[in-house]
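Presented below is the structure to which this report refers.
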Amino acid sequence: MPFRLSRRQIITGMASVGLLTSGQRAFGQAPKRIIVPEGEFTPLPIAIPNFTAGTPADAEVGAGVTQVITNNLKRSGLFAPIDQAAYIEKTINIDAAPNFLNWKSINAQALVTGRMTRQGDGRLKAEFRLWDVNTGQQLTGQQYFTSPEYWRRIAHIISDQIYERLTGEKGYFDSRVVFVDETGAKERRVKRLALMDQDGANVRYLTKGADLVLTPRFSPSTQEITYMEFGQGDPRVYLFNIETGQREIVGNFPGMSFSPRFSPDGQRVIMSLQQGGNSNLFVMDLRSKTTTRLTDTPAIDTSPSYAPDGTRICFESDRGGKPQIYVMGATGGGAQRISFGEGSYSTPVWSPRGDYIAFTKQGGGQFAIGIMKPDGTGERILTSGYHNEGPTFAPNGRVLMFFREPGGNSGPSLFTVDISGRNELRVPTPGFASDPAWSPLLS
Amino acid sequence: MKIKVDKTLAASIALHALVLGYGLVSFSTKAFEMTPEDSVPVDVISPDQLAKVMAGTKTGKKENPKPLVDKVAEAKPIEDAIGKVTEKAPVVTDTAPPPEPKVEEKQVEKKPDPPKVAEKPKEEPRPEKKPDPPKVDPIAEAIKKEEKKPPPKPVAQAAAKPPEQKKIVERHFDQSKIAALLDKRDPTRSAVTGDTLNSNAALGLANGKAADNSATWGSMFKQQVERCWKKPYGGIESQKPEAAFAIRLKRDGTLEGMPVPEGTPATPYLRVYQESALRAIIECQPYKLPAAFFEEWKYFAPVFTEQKT
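Listed in order, the protein sequences are those of chains A and B. Each residue of the first sequence is one higher than the last, beginning at -16 in our numbering. Each residue of the second sequence is one higher than the last, beginning at 2 in our numbering.
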């Protein structure tokens, strides 16, 4: 009997469930879903009319800021700034809502309005608003105060704000690049350490060029760089403070020390120390000056680079025969090879986002720049040719800078490329340039 | 109980199992992945049901209990104007045999019509009902008086309607009626007569299973909105973003209001993705979608998504 009852219960239960679901179908007003899957990535059309001048004297800086922002967004490859000649309104008041029809008609999807005003105390006030032309909403708006000579930085900061609001990613425009500036004939090349904004402006020379400098690296958290310099004796790793101009040798080791790089917190420097025909990885604490050995192999271990969380290190080693990329814990031991393609891999560098390791790959008479995931999968070659080397990540991990030598008598120059391999661009430098290293965001 | 095991047999079974098992594992490949396509629902229906689905005009209302009437006169319903070009056929004299098949077709088409005539009686009770409300509603006696007058004379009520009718009959170019426009043979022939004016034809029966035409108008919508969609660049990581909206369109294809996004985006990139889709929906209006399916596309949910990364 109980069996029968339960079966009846089951039947009635199922029936009621069926009724309920059918009822929901009949009465539920769920709209029909239409899948739109095919959208292609297209640079976003953006209008950036000249920032208005708070006082007549500010017109020049207003135009300058607009120019820098336009250039930044255009170079990113993600935006298509509309030519100012097409604008129906040439200048636009930041205090009022724009007449969006004027901007819709030139197919702008985003609009930037701004104003530069010299204050009574001599400072410069910069204001801007970012508008969504189609919805008529303000997406973001800020104002900044600064010394007039830093107007370019303000323009970079505004560019970052626009980039971040419209792409959902952190920007990278308010950053600098340290590189090796090369001048003179190929046999007697003078190499100086130089610093510039990421767009190639404001070049400053940090060394005089008497000694050969190589592999400068930015601290991920401070305004310091570390690099290798061939002085009178063996090449040494140096530390250089950009703000103060102070320079010091990192440690005092017998033999060569080279390929230095900062830890993510900027408190340690990891580098290679030469031991006979081999080299091993060591890490030095910059405050306590204690040095710790990380590898002990009869091979050349070099080019170490920390993961952004500081728990792991990727480096190059020829312990397997040819140079390949290995990953191990930050305290050493248990290195695992991650590069298995044809040819040899060198100069690995971990992305600030942690998702990729960039490298130089040599094989078949070509040098290529590529990226792979920290587990060695997803290898992707971004560019290849006669000689490409020394990748460095932008602070947001979306763009790589590297140097390229065309061969012959000419010299190297700097290039940027998106980590998808798109949008390869030359970075303007005064002379030949090599070994770039991207700084973290300044603000 | 001794079970004698033949060693060769056991070895044979084991080996076979091993080989087959290995084959199963090593030769089985990953299932071929197909990109999912929109499914078009297919129902098996009887010819009778089909006739019901097809009844009425393409531009008509979904359900309209009143018969199609253009002129107040003696009831003489005719077929809708769209297929009217063939109406010529019945005029042909008996001596001409060829048109006969056409006449037959006509009769088939006409089948769904009789219901219109049959429904008429249902309407008649309506005027009788109208006097009831005044009893309940004591307000506005003047209105009552006015209302009381018409009930006995349905014709008068019909006369009162024309203003409404004028609005609806507003001339607009309808491609589906080109044939009717070109056919100038007998301008009066399409007038449907009845005792109550009603120029709105019925699309069909509400309880009939209307076909799902979203594959048609959906792809038209997709094509149009994609032109305006500036998809944000999401890098090379497969984030599989998705942004869905509920949108209401007017008959002219413009938005009735702001599209309503489904859910709040979890990451800045998803927010940007959603905003880009919203911009596209707004920028690309008005949408040119088949008027016949307005009831389907007046409210739907476009889903912007990334299939390939």
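For every residue, glycine included, the Cβ atom is placed at its ideal position computed from N, Cα and C.
Residue environment, residue i, which counts as buried when at least 16 other CB atoms sit within 10 Å
i: P499 of chain A; result: Shown here, chain A extends from -16 to 426; a query on residue 499 of chain A therefore has no answer.
i: G105 of chain A; result: exposed
i: M463 of chain A; result: In the structure as shown, chain A begins at -16 and stops at 426. Residue 463 of chain A is therefore absent and cannot be evaluated.
i: H17 of chain B; result: exposed
i: V261 of chain B; result: exposed
i: V26 of chain B; result: exposed
i: D182 of chain A; result: buried
i: P99 of chain B; result: Any reading at P99 of chain B must be qualified, since the residue scores a pLDDT of 47, below 50, and its modelled position is unreliable; the value itself is stated next. Exposed, by the Cβ-count rule.
i: F28 of chain B; result: exposed
i: I460 of chain A; result: In this structure chain A extends from -16 to 426, so residue 460 of chain A is not present and cannot be described.
i: E43 of chain A; result: exposed
i: D41 of chain A; result: buried
i: P237 of chain A; result: exposed
i: Y234 of chain B; result: buried
i: K154 of chain B; result: Interpretation of K154 of chain B is limited by its pLDDT of 46, a score under 50 that renders its predicted location unreliable; the figure taken from the coordinates is listed afterwards. Exposed.
i: T278 of chain A; result: buried
i: R187 of chain A; result: exposed
i: P243 of chain A; result: buried
i: Q176 of chain B; result: exposed
Beta-carbon neighbours of residue i, restricted to chain B and to distances below 8 Å
i: D115 of chain A; result: E276, R280
i: L149 of chain A; result: P233, V273
Contacts that residue i makes with chain A (C-beta to C-beta distance below 8 Å)
i: F301 of chain B; result: P14, K15, R16, I17
i: A11 of chain B; result: By Cβ distance, chain A contributes nothing, its closest Cβ being about 43 Å from A11 of chain B, past 8 Å.
i: T306 of chain B; result: I18, V19, P20
i: S215 of chain B; result: K15, I17
i: V20 of chain B; result: Under the 8 Å cutoff, chain A gives no residues; its nearest Cβ is about 32 Å from V20 of chain B.
i: V26 of chain B; result: Here the premise fails: no neighbours, minimum Cβ distance about 23 Å.
Alpha-carbon spacing of residue i relative to residue j, whole angstroms
i: E284 of chain B; j: T53 of chain A; result: 24 Å
i: G304 of chain A; j: P131 of chain A; result: 56 Å
i: E23 of chain A; j: S255 of chain A; result: 46 Å
i: D401 of chain A; j: I354 of chain A; result: 11 Å
i: R175 of chain A; j: I225 of chain A; result: 14 Å
i: A351 of chain A; j: H370 of chain A; result: 7 Å
i: Y221 of chain A; j: E231 of chain A; result: 6 Å
i: D338 of chain A; j: A15 of chain B; result: 47 Å
i: T4 of chain A; j: P14 of chain A; result: Low confidence applies here, because T4 of chain A scores a pLDDT of 43, under 50, leaving its location unreliable; read the following figure in that light. Distance between the alpha carbons of T4 of chain A and P14 of chain A: 17 Å.
i: L264 of chain A; j: R276 of chain A; result: 6 Å
i: E296 of chain B; j: N82 of chain A; result: 35 Å
i: R112 of chain A; j: V48 of chain A; result: 14 Å
i: G359 of chain A; j: S334 of chain A; result: 14 Å
i: I137 of chain A; j: T129 of chain A; result: 8 Å
i: F162 of chain A; j: F386 of chain A; result: 10 Å
i: P413 of chain A; j: D157 of chain A; result: 20 Å
i: F222 of chain B; j: E257 of chain B; result: 16 Å
i: M239 of chain A; j: A184 of chain A; result: 34 Å
i: T291 of chain A; j: W298 of chain B; result: Contrary to the premise, residue 291 of chain A reads as Pro rather than Thr in this sequence. Rounded to whole angstroms, P291 of chain A to W298 of chain B spans 50 Å at the Cα level.
i: A9 of chain A; j: P266 of chain B; result: A caution first: A9 of chain A carries a pLDDT of 39, below 50, which makes its placement in the model unreliable, though a value can still be read off. Going from the Cα of A9 of chain A to the Cα of P266 of chain B covers about 30 Å.
i: W86 of chain A; j: L279 of chain B; result: 17 Å
i: V19 of chain A; j: R272 of chain B; result: 17 Å
Contacts that residue i makes with chain B (C-beta to C-beta distance below 7 Å)
i: Q92 of chain A; result: K231, R280
i: F24 of chain A; result: K232, Y234
i: L27 of chain A; result: K231
Within chain A, the residues that residue i reaches when beta carbons sit closer than 7 Å
i: G219 of chain B; result: I17
i: A247 of chain B; result: P14
i: E296 of chain B; result: In chain order: nothing, as chain A lies at least about 11 Å away.
i: V6 of chain B; result: Chain A residues near V6 of chain B: none, gap ~44 Å exceeds 7 Å.
Nearest-angstrom Cβ-Cβ length linking residue i and residue j, presumed shorter than 8 Å
i: A281 of chain B; j: C229 of chain B; result: 4 Å
i: D170 of chain A; j: S417 of chain A; result: First, the residue type needs correcting, since residue 170 of chain A is Glu and not Asp in the sequence shown. About 16 Å separates the two Cβ atoms, so there is no contact after all.
i: P287 of chain A; j: F298 of chain A; result: 4 Å
i: F201 of chain A; j: A420 of chain A; result: 5 Å
i: P203 of chain A; j: P423 of chain A; result: 5 Å
i: I17 of chain A; j: V20 of chain B; result: Actually they do not touch by this definition, with Cβ atoms about 51 Å apart.
Chain A contact residues for residue i, given Cβ-Cβ distances below 9 Å
i: K223 of chain B; result: I17, I18, V19, P20, E21
i: E284 of chain B; result: K87, N90, Q92, V116, N117
- Message: Three or more C-beta pairs under 8 Å: does that hold for the region 128 to 146 of chain A against the region 401 to 413 of chain A?
- Response: no
- Count the C-beta pairs between the region 34 to 43 of chain A and the region 86 to 98 of chain A that are closer than 8 Å, then say yes if the count reaches three, no if not. yes
- Message: Is it the case that the region 248 to 268 of chain B contacts the region 54 to 66 of chain A, given that we only count it when at least three CB pairs across the two stretches are under 8 Å?
- Response: no
- Message: Does the region 112 to 126 of chain A come into contact with the region 379 to 386 of chain A, if we say contact requires no fewer than three beta-carbon pairs (one atom in each stretch) closer than 8 Å?
- Response: no
- Interface positions of the region 44 to 62 of chain A facing chain D (Cβ-Cβ less than 7 Å), listed along the chain: Among the protein chains of the structure shown, namely A and B, there is no chain D.
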